[in-house]
Each structure stands twice: as structure tokens, then as C-alpha cells.
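With the numbering used here as the guide, the letters of the sequence shown map in order to residues 1324 to 1920.
Glycine included, every Cβ here is placed at the ideal spot set by N, Cα and C.
Predicted model only: the values in this text are computed from it and were never measured.
Notes for the one structure printed next.
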Amino acid sequence: VTASDADVERPKNIIYFLTGPGIDIENPSDSNFDINKDTGEIFVFQPLNRDPPHGRAPWKFIVFAHDEGGEGLVGFTEVQINLKDVNDNAPQFPNGIAYGNVTKNGTIGMYVMTIKAEDYDDINEGTNAKIIYSIEKNAIQEDTGLPIFDINPDTGLITTAVCCLDREKTPDYSLQIVATDGGGLKGMGTDSIKVKDLNDMPPRFTKDEWFVEVEETDGSVLTEAPKHTDRGTGSLKVVQLLDYEDPMQINGFRFRIQVIDNDGIDESDKYHVDHSWVIVKLKDINDNTPRFKKPHIEAAAEDIDKGGKSKITYSINRATDRKRQFAIDQEGTVTIQRELDREAMAKHSLEILATDDGVPPRTASAILTVLVKDINDNAPIIEISAVDRDDRLKGNGAPFQFRMDPDANDVIRTSFKVEQSNKGDDSGTPLQTGTNTLTFTIGDLNDNIMQPGSKEVIVYNYQGQAPDTPIGRVFVNDLDDWDTSDKLFYWDEAENPRFKLDDTSGMVTMRRGAREGRYKLRFKIYDRKHAQESYANMSVVVKHNSSEAIINSGSIRLTGITDEDFIRILNYRTQNIFRSKLERFWHKMASYLQINT
């Protein structure tokens, strides 16, 4: 540095000295910098380091200029020295060992982890801190000899170079990673990669159907654990007492059971859910004591007066039979003379009187209990109720008046009626009206015979990985809707190993591993009510979808049409086959996109 002095005819010998960071005034030999006090030349006194963590790139200090040999005035200036970087630091991995995970059975290019190295050299100084990543010691696939992992040389992103890692065979891998800077300096790091388990082993019952015969009991019915399950015993237990004498239980039970191998799995995920049927037949045990059919035993009355030949007159105490529904003749036989209604009175207790012909006459009595058995003589009644949040005490609440919608069609108005009760009307001022809709579902009777049918099913199988998948029921032309329980379904020809059939529901399931192609299936259907057989054909087209197709797929939402109408191909009234709206939509989209369907 150089200082000037504008004074005239004054001594100009200027003396320079330093102060600030890196300057030790008390021990000059420990300073990083020094200055020639006569010339202002600054020089480095100690080796300097600009790189982290202990180095410093810029140095700032103050230079003082003292004129007249140090006896005059003082001037100063600030000096900053920027250190130029040299490539003296190799890249290093801060943690030494980095940890990553990869899912087993994954595809090529699956993300594993990203590894980062640090270089303390100046990133702006050439390529001193430009890091290139490489794998020095890779894992090798045994059967192919190919390296298992790949690394992006610029980002350190590690991905799989092969597919389908087998966790059961090799649960973890260790890689030796090298980071090299622009000057050729290298740093070494280790990556520990664990292969994560994938829930790809679905639970499976060992049987499609179990048959078990048990006594009337409340204990264990069936103990069976499905394959590939970790929790639960699979023990089927009774939660309510089984009673062979109960008409609802005498024929046993048939129900469906289910197993899920993960609590987080949705039941709609068919791959991780399995089902089976259980048939339970009850065995009778001696658990009931004998009982008389008639709790009250009737006997003819007799009178020992007159040698047992007194005349006895039978009658009913009408206080116990006010509606005169029963009569008794002089032989003591009780008969019904008016219709009995179990819903009005299920039990009648009649007092039977026996009176002799003596003077004065004497009377004996006995109780006859009549239990009225139920018959199905009442149609269902739907009770409609209404509420009103207004203050009833002010006359703004009940009673209400109910009436049929005057705009309802004639079929509804003639088929139903509303009977008024004293439980409700809005009697407020002004009158308020509430409207609600009552929906009736009319059940179907199996009163039509079936005709042969056919259907085509298209299954899109992503990379051929679909699990056992229900693809639809066997179709026959039948005007009845609710008659599946009357039908049994069989293979007409040899069973196709790629599919299985539920003989009660007619559901066809495509087994896992079904190859791409078209399958022709033929079934036989038996209707137990009509003792009729018919046949059905099903054409199943299996198409494999690639990852690219899924990535480039889109979705469309249609409104104003039901799903049934969208795919319907049969006019049930005319029995004519026509192109479905779905097929017409396909062709329209294909024409718009200029592609083949």
C-alpha cells in the first residue's frame, strides 16, 4: 500500500503498521500478515487456509500510515485480501455409512436413495469442487452376472439396474461409493441397502368349503388357520347358543368367512383377502325334559248323588268369554263359534261350569286354557310418523293430517292408501306441510324359464400381475332378477385351469397368472324350481397393460346414465341384441383420436 502526504516543507518519511484479524501486536511472530513499515509492502507471515471448517477466504484489516517518522499525523485505509483456492481437499461423505431401502420384486430403475459428498474447495474455482459419483464395489446378480445398482454420476441418485430383487435370498446389500473432484482427488463412502418386504404373499384358506357337524353347543366349531397368516387362530366360535329344536337352526347353517393378512388392507383389495364357505350341521342332544301337550287335562264331570246318575249341565262363564267365541255342548265338548285372532288375543282362559240337577243345584268349575297358534294372515303395514319442532303448547304441533300426493299416478293411488290415526296433524296457524318419499321395492318371483345366454368379458391385466380376480357371473337370458338362489352352475366341459367357478353364485374368477389371449368358456345352469337346464358361453379376452399405458392413461366421468344402461346389449322386451353405448363410445373416441380400437 502507498500513502501520500500533501504537506509542503514537512518531513515525508511515512511509517506503516497493521491491526485487525490475523495481526498479533504483542507476539508479531504469531501473526498471519506483516507489513514493511517503510515501503508499505504487505506479505504473508504464516501459511493460510481458506477452506472450511477452520479456514477463512477473505481477510480484512486496517493499515495505518504515520507521517514524520511516526511523530506526525495518522491516516488509515481498509485492506481486504481474498485467498485463491487450490484443490487441496478431497471429497468426503459426512456420515461414512449411508442407509437406503428398496422394495423387493421392484422394476428396473426403482429409486433406492440419494447419496451426497462434501468438498470444502471453492465451488466457483474451476472444477475443484465438482464431484462425480461412481460405484467402485457393486453387488452382482448371480444368475446374470449384471451389476444390481446404478448411480447418477452428477446427482448421486442410486437406482436398481435389474428387476425383481429377492428379499428371501438376499435381504441387504453393501456398496462402495467413490466421489471424485475435478482434480482427481477421491473420497470413499459405504451404502447399506436393505430390501424391504412386500406384502405379496396373500392369505389362502386350505379349502374352498368346510363341512362340520357339531352338537348343540356354545364352544368352538372349527379351528383352521389359513396359509400365510401371522395373527389370529382361525378358530370359529359360537357367540349364541345353538339349538337343534329351533326351526331356524334345525337345517344347519351355511355362511362365508374371510381372512385379511393386513389390518390396513381394504376389503376391496382382492389380492390380500380370501374367502371360504362353512357348512355347519347340528346334532341333536338330549337337552329337553318331557312335557305334556295339554297343561290342562279335561275330564267329564260326575255327581255321586242319585247313585251317580244326576244330570249334569255344562256351560261357560261368559265373564271369561265376553265375545262368545267358544261354545260347549252337554257332552262337555268345547267348540269355536266365532273366529279367533291371535293378534288380538293369543291366550284365552275359559271357566267351564258343571251344574247338577239337585235342589238346590250345585256347581263345579274348571279352567280351560286355549293357546291360539299363529298363521300368516296379515300383510305388512308401514307406519309413517311425523315430527314438528314448533311449540305444541301453542297449538302449532300435532295432530297431523296425512294424505297421498294428489299428483301421484293412478297405479300408486289405487294400490296404496293412507289410514289416519289420532297421533298427528299440524294444527298450527298457518298450516304447514311436510313432504317425504316412501320407496317400495317389489320383489321378483322366479316365474320365467331361462334361455341360453352369452357374454364377453375384457380383462386388462397390468404386466400380467393381477391376483385371483372375479370377472363376472355366468349369464343366461332370464327375465327374473332374484332367482340366483334357485340356480346351480357347472362347467359344461372340462374346467379351464385359468378360471374357477362358484357353483352357487355363478361368479367366474380369473386365476393369477392367466396369460394374454382369448378364452372360450362354456357352462351348464340348472334351475331347481323349474327343473330346467340351460347353457351359457363366456368369452374372456385378457390384455396385458404396460407401464407406459398406465402412465399415459386418463379418466372420463359420464353423467346422466346408469352403469347398467351404459353396457346393456339386450332389449329384454324384444330379446334383440344391439350395440351397447359403451361400444359406441369406444368407436367415437377411436375416431376422434384417430386410432384403432
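For His-1853, the three-state secondary structure derived from DSSP is coil. For Glu-1536, the uninterrupted beta strand (DSSP E) segment begins and ends at 1532-1538. Contact annotation: Phe-1846 and Met-1833 have beta-carbon atoms that are not nearer than 8 Å.
Across the structure, Arg-1645 and Lys-1670 are spaced so that their CA atoms are roughly 14 Å apart. Between Leu-1498 and Asp-1473, the C-beta gap is not smaller than 8 Å, which leaves the two residues out of contact. Only buried fits Trp-1382, as 16 or more other CB atoms lie within 10 angstroms of its CB.
With a cutoff of 8 Å on beta-carbon distance, Asp-1520 and Lys-1427 are scored as near each other. As the crow flies, the alpha-carbon of Pro-1376 is around 19 Å from that of Ile-1404.
Just so you know, the alpha carbons of Ser-1914 and Pro-1820 end up roughly 38 Å apart. Within its own chain, the residues whose Cβ lies closer than 6 Å to the Cβ of Thr-1686, once the five positions on either side in sequence are excluded, are Leu-1676, Thr-1678, listed in chain order. Leu-1824 is classed as buried because its beta carbon has at least 16 other beta carbons within 10 Å across all chains shown. Of the other Cβ atoms in all chains shown, fewer than 16 fall within 10 Å of the Cβ of Gly-1398; this residue is therefore exposed. In this model, Ile-1365 and Ile-1455 are separated by some 39 Å (Cα to Cα).
Judged by pairs of C-beta atoms under 8 Å, the segment 1524-1531 touches the segment 1594-1608, as three or more such pairs exist. Of the candidates Gln-1898, Asn-1719, Gly-1512, the residue whose Cα lies closest to the Cα of Asn-1418 is Gly-1512.
Of the residues assessed, Ser-1352 falls on the exposed side of the cut-off, its CB having fewer than 16 other CB atoms within 10 angstroms. Remark: C-beta atoms of Lys-1843 and Ser-1870 do not approach each other more closely than 8 Å. Ala-1817 is classed as exposed because its beta carbon has fewer than 16 other beta carbons within 10 Å across all chains shown. For Ala-1872, the enclosing alpha helix (DSSP H) stretches over residues 1870-1874. Beta-bridge annotation (DSSP): Ile-1338 is paired with His-1389. Remark: C-beta atoms of Phe-1368 and Asn-1355 approach each other more closely than 8 Å. Taking C-beta atoms as the reference points, Val-1485 and Leu-1508 fail to come closer than 8 Å. When DSSP states are grouped into helix, strand and coil, Glu-1887 belongs to the helix group. The beta carbon of Ile-1471 lies closer than 8 Å to those of Asn-1461, Ala-1462, Ile-1463, Gln-1464, Thr-1483, Ala-1484, Val-1485, Leu-1488, Tyr-1496 in the same chain, with the five residues before and after it left out.
Around Glu-1459, the same chain offers Gln-1499, Ile-1500, Val-1501, Met-1511 as residues with beta carbons nearer than 8 Å, after the five sequence neighbours per side are excluded. With respect to the 8 Å criterion, Thr-1450 and Leu-1480 are not classified as neighbours on the basis of their beta carbons.
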